[in-house]
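Colleague: One structure follows; several queries about it will come next.
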Amino acid sequence: MVNCFKVEHAMFKYLRVVPLAAESLGVRSMCTFVETPDLRILLDAGVSLCPNRFGLPPHPLEFKAIIECRRRIAEAAEKADVVTLSHYHFDHHTPSYEDWLCNWTAEDETAKQIYEGKVVLIKNPKGWINFSQRRRGSVLPKT
1 MVNCFKVEHA
11 MFKYLRVVPL
21 AAESLGVRSM
31 CTFVETPDLR
41 ILLDAGVSLC
51 PNRFGLPPHP
61 LEFKAIIECR
71 RRIAEAAEKA
81 DVVTLSHYHF
91 DHHTPSYEDW
101 LCNWTAEDET
111 AKQIYEGKVV
121 LIKNPKGWIN
131 FSQRRRGSVL
141 PKT
């Protein structure tokens, strides 16, 4: 079970922060679900594995971890009103193509499950961005 943090303060009545996927959970990610009485936000809804770290493929436990993290991200996406994307590294966004090695995604299905019908706040995919991220970002608006 992933820990969640509840904060009570005069500025806001209730804030719940749930880390969904992270290095300490066995995958590359910073995906977090934030909930207030008025809004539910899914931050950086991506997760990935490193396909070749020190000449080694991902460990079987890492594959188990990415499956579990994808499940948690999908559950949070169902509840989210807003999904953010800070930049186009694979551990911060879910691509809309099939990839069962690094990102654990099915064609368009996985990305649509996360982004479709949501307010999506994204980094500009055309300005002040390197070539790799521009290429990855160009497919997101189609999802």
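Residues in the sequence shown are numbered consecutively from 1, following the working numbering. Don't be surprised by glycine CBs; every beta carbon is placed ideally from N, CA and C. Since we're looking at a predicted model, the values are computed, not measured.
(1) Since K118 and V83 should fall inside the 8 angstroms C-beta cutoff, what is the C-beta to C-beta distance between them, to a whole number of angstroms?
(2) Just verifying my parser: in three-state terms, what is the DSSP assignment at L25?
(3) Starting from F54, trace the alpha helix (DSSP H) both ways and give me its first and last residue.
(4) Could you give the DSSP three-state label for I67: helix, strand or coil?
(5) Looking at the strands, I want to know which residues DSSP matches up with L42.
(6) Just to confirm, is the Cβ distance from T36 to R70 under 9 angstroms?
(7) With distances taken from CA atoms, which of G55, E62, R40 and L15 is nearest K21?
(8) Considering only DSSP beta bridges, list what T105 is partnered with.
(9) My output table needs one value for L148: the three-state DSSP class, helix, strand or coil.
Modeller: Let me lay it out:
(1) 5 angstroms
(2) helix
(3) No alpha helix (DSSP H) holds F54; DSSP gives it neither H nor E.
(4) helix
(5) F33 and V83
(6) no
(7) Contrary to the premise, residue 21 reads as Ala rather than Lys in this sequence. Of G55, E62, R40 and L15, the residue nearest in Cα terms is E62.
(8) D99
(9) Because the chain here runs from 1 to 143, residue 148 falls outside it and cannot be looked at.
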